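Quick notes on the structure that follows.
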Amino acid sequence: MQEKNCVKESEERSRLLREEELLSSVDKETKIRIYELESELYANLATLQSISKSFEESRLDPVTFKRLLKALMKTCFKVKQELEKYGLDVKEFIKNQGFLEEFNLAIKNLEWDSNLDSSIYAISLESPGRIAVKTYELASSFITLSDSVKLRISCEVLYNLLNELFNELTKYPGFSSTHPVCKEVREWQVKLKDFNPSDILDEKTSLELENAIQTWRNEFECMIKKACM
0 MQEKNCVKES EERSRLLREE ELLSSVDKET KIRIYELESE LYANLATLQS
50 ISKSFEESRL DPVTFKRLLK ALMKTCFKVK QELEKYGLDV KEFIKNQGFL
100 EEFNLAIKNL EWDSNLDSSI YAISLESPGR IAVKTYELAS SFITLSDSVK
150 LRISCEVLYN LLNELFNELT KYPGFSSTHP VCKEVREWQV KLKDFNPSDI
200 LDEKTSLELE NAIQTWRNEF ECMIKKACM
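The opening position of the sequence shown corresponds to residue 0 in numbering that gives the first Met the number 0, with each subsequent residue numbered one higher.
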């Protein structure tokens, strides 16, 4: 038992030495960036833990959960890649910080080695119900974005969801990048660029975005009704 404890202490000393060597070998600006990325990773894992718990308790529907999971995975993967450029072993960092226990549901749902370029939720648009599928996807995007604002998801994730919504809108018949709704979506992306990636919108801005999303959704549903008349 004593020998086992000695091994653990030795491993911990080695880890601390590696971290000290890493931080001592970089300039002040890089150190600050590393700390920022570590904080961002923590914030995203906390968010992922929260939505995972909500999903397991049936307080979040599967479609919304999958979309949020995908968005958070992209954000975490991006942070991981940048940290590794600085020489930090992210998996070891997560383990040593005790995140495996604190964010057990998040870690379970987070697949670091997933091919993020291939969407596991993609539905073939070449099927007979092509328009129906696009309509469903867009409706889901509106719901996901609205729920994300209410759940106080980080600005970076909201930005990515807005980008996804914009791309889906411009592929839908009747919409284009010059459509007023698409222009407003882009304007909100520009607004979010003024925030730090891990920032949470204040209540006033959140309400403004929620109202904007509802307006866009109403416009979309109105277009569908007109097409069906």
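Heads up, the beta-carbon is just placed ideally off N, CA and C, and yes, glycines get one too. Just so it is clear, the structure is predicted and the values come from calculations on it, not from any experiment.
Query raised in the report: How big is the Cα-Cα spacing for residue 35 and residue 197?
Result: As a position in the sequence shown, residue 35 is number 36, starting the count at 1. As a position in the sequence shown, residue 197 is number 198, starting the count at 1. One Cα belongs to residue 35, the other to residue 197, and the distance between them is close to 9 Å.
Query - residue 256 - DSSP class collapsed to helix/strand/coil - result: One cannot answer for residue 256 here, as it falls past the ends of the chain, which runs 0 to 228.
Query - CA nearest to the CA of residue 71, picked from 47, 60, 27, 32 - result: Locating residue 71 in the sequence shown gives position 72, counting from the first residue. Measuring from the Cα of residue 71, the nearest candidate turns out to be 47.
Query raised in the report: Below 8 Å, can you find three or more Cβ-Cβ pairs linking the region 169-180 to the region 144-152?
Result: The region 169-180 vs the region 144-152: no contact.
Requested in this report: Would you kindly check if the distance between the Cβ of residue 212 and the Cβ of residue 145 is under 8 Å?
Outcome: As a position in the sequence shown, residue 145 is number 146, starting the count at 1. As a position in the sequence shown, residue 212 is number 213, starting the count at 1. Yes, these two residues count as a Cβ contact at 8 Å.
Query raised in the report: Taking the runs of the beta strand (DSSP E) that are 3 residues or longer, which of them lie wholly in the region 59-83?
Result: Listed in chain order, nothing qualifies, since the region 59-83 has no complete beta strand (DSSP E) run of 3 or more residues.
Query raised in the report: If you drop the 5 nearest sequence neighbours on each side, which residues of the same chain put their C-beta closer than 6 Å to that of residue 102?
Result: On the sequence shown, residue 102 is found 103 positions in, with the first residue counted as 1. Here the set comprises 44, 48.
**Report entry** residue 161 and residue 189 closer than 8 Å at C-beta
**Finding:** Residue numbering aside, residue 161 sits at position 162 when the sequence shown is read from its first letter. Residue numbering aside, residue 189 sits at position 190 when the sequence shown is read from its first letter. No; because the gap between Cβ atoms is not below 8 Å, this pair is not in contact.
Requested in this report: Return helix, strand or coil for residue 195, following the three-state DSSP convention.
Outcome: Here residue 195 refers to the residue found at position 196 of the sequence shown. In the three-state reduction of the DSSP assignment, residue 195 falls in the coil class, being assigned neither a helical nor a strand state.
Report task. Would you mind stating whether residue 215 and residue 165 have Cβ atoms separated by less than 8 Å? Result -> Counting from 1 along the sequence shown, the entry for residue 215 is found at position 216. Counting from 1 along the sequence shown, the entry for residue 165 is found at position 166. Between residue 215 and residue 165, the C-beta gap is not smaller than 8 Å, which leaves the two residues out of contact.
**Report entry** Integer-rounded CB distance, given that residue 223 should sit under 8 Å from residue 134
**Finding:** Reading the sequence shown from its first residue, position 135 is the one you call residue 134. Reading the sequence shown from its first residue, position 224 is the one you call residue 223. About 7 Å separates the Cβ atoms of residue 134 and residue 223, confirming a contact at the 8 Å cut-off.
Query - Exposed unless 16 or more other CB atoms sit within 10 angstroms - verdict on residue 100 - result: Translated into the one-based positions of the sequence shown, residue 100 becomes position 101. Classification for residue 100: exposed.
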